[in-house]
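Sequential numbering of the sequence shown, starting at 2, is according to the working numbering.
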Amino acid sequence: MKTPLFFAVTLLFFSLNSCSKKNSDDVTPNDKREGTISMQINGTTWSGECGAVDAKIGSQTNVSIVGYKDGKTAKGNDGIVITISGFTGTGNYSATSHEGSSISVVYNGITYSNDKKATVQPVVKITEGNLPTTPLGPGKVAGEFNASLRNPTEGFIEITNCKFQTTDIL
């Protein structure tokens, strides 16, 4: 059940962001939303745009930060999804602290994710965590992390200096 929900949320995010863009004459200051993500993957600079989706499930709030690589040079539609279950605002979140928390990256067309059996798990540090109080209302999520992510056949990639921030929260 979690996998279909995750993919539905991701598909919704990309569908909303792939619609025709407003030109600068159509954008009012309140319509301007932005999100950026940058990191080093095995020493190579990777940067892109990102947004976030928050959902209250029972008494728990879950947040997914979804990013994709800038430009048309991305191989295999590179992207990243950082999911935090049990989000409460600023603080440190282990990628395995709650069921459903994870980090997944598509890099050069290959998917890597945190290995839940590893002894050292990635920790996402949320430096700003103000979720909207109304649908599409103002908010901001910002943070950083370093991680070793694994693909069962391709091995590991090292992500360092990952920093993200977005005011585009659905």
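Ideal Cβ positions, reconstructed from N, Cα and C, are used throughout, including at glycine.
- If we count the other Cβ atoms within 10 Å of its Cβ and call it buried at 16 or more, is residue 106 buried or exposed? When all chains shown are included, residue 106 counts as buried.
Subject >> Inter-residue CB distance, residue 68 and residue 81 (contact presumed, cutoff 8 Å) >> reply: With 8 Å as the limit, residue 68 and residue 81 qualify as a contact, their Cβ atoms being about 5 Å apart.
Worksheet item: If you draw a straight line from the alpha carbon of residue 147 to that of residue 121, how long is it in whole angstroms?
Response: One Cα belongs to residue 147, the other to residue 121, and the distance between them is close to 11 Å.
Review point. Can residue 38 and residue 49 be called in contact, C-beta distance under 7 Å?
Key: The Cβ atoms of residue 38 and residue 49 sit closer than 7 Å to each other.
State yes or no: is the C-beta of residue 127 within less than 7 Å of the C-beta of residue 144? The answer is yes: Cβ separation under 7 Å.
- Select from 157, 135, 155, 158 the residue whose C-alpha is nearest the C-alpha of residue 57. Here the closest residue by C-alpha is 135.
*Return the chain-ordered ranges of every beta strand (DSSP E) run that is complete within the region 108 to 162 and spans a minimum of 3 residues.*
Unbroken beta strand (DSSP E) stretches of 3 residues or longer found wholly inside the region 108 to 162: 111 to 114, 124 to 131, 141 to 152, given in chain order.
Residues near residue 94 in its chain [Cβ-Cβ closer than 6 Å; skip 5 each side]:
So the qualifying residues of the chain are 85, 125.
In this structure, does DSSP put residue 48 in helix, strand or coil?
In this structure, residue 48 counts as strand in the three-state DSSP scheme.
- request: Pick helix, strand or coil for residue 95, following the three-state DSSP scheme.
  value: Per DSSP, reduced to three states, the secondary structure at residue 95 is strand.
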